[in-house]
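Following this line, the structure appears as structure tokens:
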């Protein structure tokens, strides 16, 4: 079964770039890697998704190496409002069905 | 458009009682997922539905847990004979398609906070 691992916490200052890495062995061949943001007392919210190489949208970039055993979420120029928990999500195909494995979550604290 | 809704938002029950948690997915989403999040912890995958079918129920924590989905829409997660360790936030999500391709972005509801006394 897939296992995902992330750093438990990170601190950063406003305006800095933050990179959060998730390791995910045994990711299903056809599955995409998705990152979510969660604020207290809310459900997770989609940030970005990718399959291979690099993906960029208006809020983040996602770097995925060729072996797809890890991915790195990059948040450019963070602000105080980016303080949240960040999760990676991968699907694991096992015996013909999927299980959805969230990473352990990285608690990002942005300081003024 | 309307997002994923869950009811009730909060549920307090006594140990041994049965509870039903409801999820209304986004219209047109074929896949529906249930997760559990204990206080200060990550998300634990419970079950997913593709249409009305749940291919794998092994993620449910015990046989006291069951889930169903009807009409390709509403889903109910039922916990029988609740125990204190069942206390958690139960999150529901839906997506256009089940995982695989690029259409598996999961949209989450606000969750139901279950407290078992």
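Protein chains in written order, with our numbering: chain F, 201 to 312; chain D, 599 to 715. Heads up, the beta-carbon is just placed ideally off N, CA and C, and yes, glycines get one too.
Please name the residue in F:220, F:296, F:208 whose C-alpha comes closest to that of residue 247 of chain F. F:220
For residue 638 of chain D, collect the residues of the same chain with a Cβ closer than 6 Å to its Cβ; drop the 5 residues on either side in sequence, then sort them by chain order. none
Chain-ordered chain D contacts of residue 220 of chain F [CB-CB under 8 Å]: Under the 8 Å cutoff, chain D gives no residues; its nearest Cβ is about 14 Å from residue 220 of chain F.
What is the DSSP secondary structure of residue 616 of chain D, reduced to helix, strand or coil? coil
Shorter than 8 Å from the beta carbon of residue 299 of chain F to some beta carbon of chain D? yes
Check residue 639 of chain D in the structure and name its three-state DSSP category. coil
Of all the options D:683, D:606, D:682, D:665, which has the alpha carbon lying nearest to the alpha carbon of residue 652 of chain D? D:665
So, does the CB of residue 606 of chain D fall closer than 8 Å to a CB anywhere in chain F? no
Three or more C-beta pairs under 8 Å: does that hold for the segment 293-310 of chain F against the segment 201-211 of chain F? yes
Closer than 9 Å, Cβ to Cβ, to anything on chain D: give me those residues from the segment 210-241 of chain F, in chain order. 228, 230, 231, 232, 234, 236, 238, 241
Whose Cβ in chain D lies nearer than 9 Å to the Cβ of residue 286 of chain F? None at all; the shortest Cβ gap to chain D is about 11 Å.
Please list the terminal residues of the continuous beta strand (DSSP E) segment that includes residue 224 of chain F. 218-225
Exposed or buried, what is residue 268 of chain F when buried is set at 16 or more other beta-carbons lying within 10 Å of its beta-carbon? buried
Quick one, are the C-beta atoms of residue 674 of chain D and residue 619 of chain D less than 8 Å apart? yes
Pairwise C-alpha distance: residue 218 of chain F and residue 239 of chain F: 17 Å
With a threshold of 16 other CB atoms inside 10 Å of the CB of residue 253 of chain F, please say whether the residue is buried or exposed. exposed
Expressed to the nearest angstrom, what Euclidean distance is found between the alpha-carbon atoms of residue 632 of chain D and residue 645 of chain D? 5 Å
Would you identify the three-state DSSP class for residue 682 of chain D, choosing helix, strand or coil? helix
According to the neighbour-count rule (16 or more other Cβ atoms, all chains shown, within 10 Å of its Cβ), is residue 277 of chain F buried or exposed? exposed
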